Amino acid sequence: MKASLKVGLALIFCYLVAWLDRMAINMTILSMGEDLHIGPDRIGWVLSAFFLGYALFQIPGGALADRIGPRRVILIALAWWSVFTALTGVAGSLASMLAIRFLFGIGEGIFPASVWKVLGNWFTRKNRATANALVLSAIALGPALTPLLLAPMLARWGWRACFWALGTCGLVCLVVVYRFVANSIHEGRDVKPEELSEYEADTRSEAANAEGNLEKSTFGGLLR
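Take 88 as the starting number for the sequence shown in the numbering used here and just add one per residue.
See the structure below:
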């Protein structure tokens, strides 16, 4: 198996767990609300807290990936959101739940940009769109699997156990990324010479095609 395929499978798994973690709140919110005495109006606050953290840290996550490398950001994101996924299961009040969900959103918010950067650093142009599509398929697969996986757990052990189990899955992702994912194909552990040569030839071809058409971009320029 190509090293790049291992990277792709690892990132698909991570994205799947990310979406399971994200969708779990929809499965458990009614039980959670009853247990913590959170009314329907305040349930909306809990749901919005995640998206606030998620939205605010998308761009900082990309900037951080450029600064310290995407692999490190992915590892930080996985550890961060797994901790706060598990902590969701110990929340005892509306205030603690809002804080935990906001912080959980930060972890998931810094994650996506690093995934796309890693895919670009590992896959040739011929395979890059397919790799992106396969990772994105987890966006649909995660919500589809959430009821199937969590409904029995919710019925048997309650809503808190769902988040503890998902937090553990995130730590498994952490191990998988640590073992198989590098910033680029040049830093990969198990990359065969022919796979590296194919990527480098594609990179040279891409650079040659772009020569003379490159223009430096800035974030400020994108806003104008």
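Backbone N, C-alpha and C define an ideal beta-carbon position, used for all residues, glycine too. Owing to the predicted nature of the structure, the values given are computational and were not obtained by experimental measurement.
Local Cβ density within 10 Å of residue i, reported as buried at 16 or more and exposed below that
i    : result
L241 : buried
W106 : buried
K93  : buried
D128 : exposed
W244 : exposed
L134 : exposed
R188 : buried
V262 : exposed
S224 : exposed
G192 : buried
G179 : exposed
Y265 : exposed
Beta-carbon gap between residue i and residue j smaller than 8 Å
i    : j    : result
G206 : N219 : In the sequence as displayed, the identity of residue 206 is Leu instead of Gly. Against a cut-off of 8 Å, the Cβ pair of N219 and L206 comes out as a contact.
D289 : T172 : no
S201 : G148 : yes
L190 : G140 : yes
R247 : G156 : no
A90  : V278 : yes
I161 : F137 : no
M119 : P230 : no
G95  : S169 : no
A152 : G196 : no
Y102 : V222 : yes
N208 : S284 : no
A238 : M114 : yes
Residue i: first and last residue of the uninterrupted alpha helix (DSSP H) it sits in
i    : result
F210 : Unbroken run through F210: none, as it is neither H nor E.
G148 : 145 to 155
V278 : No alpha helix (DSSP H) holds V278; DSSP gives it neither H nor E.
V264 : 246 to 267
V177 : V177 -> no alpha helix (DSSP H), and no H or E assigned at all.
I99  : 90 to 123
G126 : Here G126 belongs to no alpha helix (DSSP H), and DSSP marks it neither H nor E.
beta-carbon residue i near the ligand MN non-hydrogen atom, thresh 7 Å
i    : result
K204 : What this structure holds is no ligand at all, so the ligand MN is not there to describe.
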